[in-house]
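Residue numbers (the working numbering): 37 to 506.
Glycine is no exception: its CB is placed at the ideal position from the N, C-alpha and C atoms.
It should be emphasised that the depicted structure is a prediction, and the values quoted were computed from it without experimental measurement.
Below is one structure, written out as structure tokens; comments come after it.
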């Protein structure tokens with residue numbers, strides 16, 4: 037018994053040390069706040085002020101009205117009540133509500149790092165005209181260094197640009213992956229590593245008022261885009277559940293424009309010189325694995341522009357749903373979403389939510405449980421995916437959405453996010469079968485009692501109020 041107690045004590049101590057190692061340092065936090073206020077305002081005073089105004093309004097609105105009842109009666113097209121989400125009638129509703137116009141493209145999903153990273157690295161190595169990378173986190177571990185080295189090698193042949201979020205990558209440098217290879221020492225600065233002995237152009241966001249660019253957007257040769265939830269690092273390659281997709285076709289051009297807008301940013305001197313001009317795309321090589329073209333819609337959260345397209349479209353879909361609403365997200369803390377899902381449960385819709393069993397942030401794990409308990413108490417279902425799922429996807433009747441946005445306040449109202457949505461039956465079937473049905477089978481059903489215990493274990497009286505702002 038003494039030996040068992042000693043082993044348990046050592047295990048707890050090791051876990052505590054791992055958790056402490058994964059937290060951002062005080063210096064990193066202070067540096068990030070300073071850069072996002074003084075530095076960002078100096079770079080772009082007008083843009084930073086506009087962002088600050090929008091953020092303060094949204095923060096106050098969330099605090100005061102997060103649980104207020106939502107308006108009803110916007111689920112009709114041509115005077116007819118919609119029978120469900122998805123299909124032409126629903127897409128016409130989104131058109132009428134002035135969501136971004138429909139485009140088209142082929143979509144191939146890659147679930148987990150083993151499916152994505154080899155394809156991604158192969159695309160970098162075989163690129164013929166340009167490689168443009170945008171990510172929230174470009175880590176400093178062995179996987180990130182291997183991607184950086186591939187980009188450095190390619191930069192000797194063709195133009196390569198890397199654009200990453202300053203706050204996201206600063207925090208990542210303080211975290212220690214659980215499976216870091218023995219003997220490997222993370223590089224001190226991924227920016228220094230990327231630029232040393234290479235021709236890569238590197239930029240990072242200024243993060244005015246701590247607003248981050250959480251998008252993931254990789255453009256190869258101007259004709260192939262990788263989009264989804266994965267950052268660049270060991271957690272996404274080996275440890276976490278996540279998803280990316282390869283898209284080609286007409287949808288690539290507006291995605292390229294989004295990259296160019298992010299690359300130019302708000303800094304006044306970049307208006308004078310935005311770096312190299314984006315090259316004309318080279319023709320896409322024949323690809324037997326390419327999927328047929330599907331109708332797609334690009335949805336964004338963009339603070340400075342006041343764009344809340346991900347949230348608006350999701351709420352419309354939930355309000356129209358008649359059969360199912362299936363969500364997977366690492367962080368679930370948006371009261372507007374919860375209120376719509378409660379209404380859907382009451383009218384008989386099959387509402388299910390998948391969250392991580394082992395979330396990377398205690399406060400979000402507690403709030404996941406707190407908000408999901410509100411749904412469980414009225415008959416919805418919730419599941420704990422084993423380990424950490426970072427995957428963000430929705431299937432709502434015959435409509436689907438995926439990308440970088442979580443179901444939390446930061447993704448739906450504050451940060452910059454990038455999602456794709458579609459009523460195409462092939463996309464909906466693929467996400468329903470390959471993501472949700474599989475993950476329901478491997479996940480543990482969450483009960484109200486379990487949710488209550490997780491709330492008490494990871495949170496406290498102010499957890500939900502705080503998490504509602506995240």
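Nearest neighbour of residue i, chosen from the options [CA to CA]
i	options	result
residue 438	249, 123, 157, 278	278
residue 355	340, 374, 169	374
residue 484	272, 418, 229, 238	418
residue 259	160, 248, 407, 192	160
residue 193	235, 255, 136, 396	235
residue 334	399, 143, 416	143
residue 416	226, 427, 387, 450	387
residue 443	230, 246, 349	349
residue 266	242, 169, 329	169
residue 155	406, 397, 183	183
residue 428	448, 414, 434	448
residue 272	407, 481, 147, 487	147
residue 406	341, 134, 118, 486	486
Per DSSP, cross-strand counterpart(s) of residue i
i	result
residue 386	360
residue 435	432
residue 377	Residue 377 pairs with nothing; no bridge assigned.
residue 344	337
residue 332	139
residue 281	145, 263
residue 455	335, 439
residue 122	434
Buried versus exposed call for residue i [16 or more other C-beta atoms within 10 Å across all chains shown]
i	result
residue 445	buried
residue 459	buried
residue 489	exposed
residue 189	exposed
residue 104	The predicted model places residue 104 with a pLDDT of 47, which falls under 50 and marks its position as unreliable; any figure quoted below should be read in that light. Residue 104 is exposed by the Cβ-count criterion.
residue 390	buried
residue 220	exposed
residue 24	The structure shown does not extend to residue 24, since the chain spans only 37 to 506, so no value can be given for it.
residue 124	exposed
residue 76	Note that residue 76 scores a pLDDT of 49, beneath 50, so its modelled location is shaky; the value from the coordinates is reported in the next line. Flag for residue 76 reads buried.
residue 257	buried
residue 399	buried
residue 215	exposed
residue 345	buried
residue 474	exposed
residue 409	buried
residue 493	exposed
residue 158	exposed
residue 491	buried
residue 433	buried
residue 201	buried
residue 195	buried
Pairwise C-alpha distance: residue j and residue i
i	j	result
residue 436	residue 197	31 Å
residue 300	residue 471	35 Å
residue 382	residue 402	25 Å
residue 377	residue 371	10 Å
residue 290	residue 385	35 Å
residue 162	residue 187	11 Å
residue 203	residue 171	12 Å
residue 120	residue 165	44 Å
residue 517	residue 222	Lying before the first or after the last residue shown, residue 517 is absent from the chain, which here runs from 37 to 506.
residue 153	residue 367	24 Å
residue 240	residue 179	20 Å
residue 132	residue 379	23 Å
residue 218	residue 176	15 Å
residue 285	residue 136	17 Å
residue 106	residue 352	In this prediction, residue 106 scores a pLDDT of 45, lower than 50, which makes its location untrustworthy; no coordinate-derived value is stated.
residue 477	residue 469	11 Å
residue 412	residue 395	19 Å
residue 213	residue 269	9 Å
residue 250	residue 287	20 Å
residue 422	residue 243	33 Å
residue 283	residue 261	5 Å
residue 336	residue 343	7 Å
residue 138	residue 332	6 Å
residue 128	residue 224	51 Å
residue 199	residue 414	44 Å
residue 207	residue 229	17 Å
residue 134	residue 361	23 Å
Distance between beta carbons of residue j and residue i, contact taken as under 8 Å
i	j	result
residue 338	residue 452	6 Å
residue 252	residue 440	5 Å
residue 450	residue 247	6 Å
residue 298	residue 281	About 19 Å; that fails the 8 Å criterion.
residue 145	residue 466	6 Å
residue 357	residue 462	Residue 357 to residue 462, Cβ: 20 Å. No contact.
residue 140	residue 174	At roughly 31 Å, the Cβ-Cβ gap does not stay under 8 Å, so residue 140 and residue 174 are not in contact.
Distance cut-off 7 Å: residue i Cβ against heavy atoms of the ligand HEM
i	result
residue 177	This structure lacks the ligand HEM, and indeed carries no ligand of any kind.
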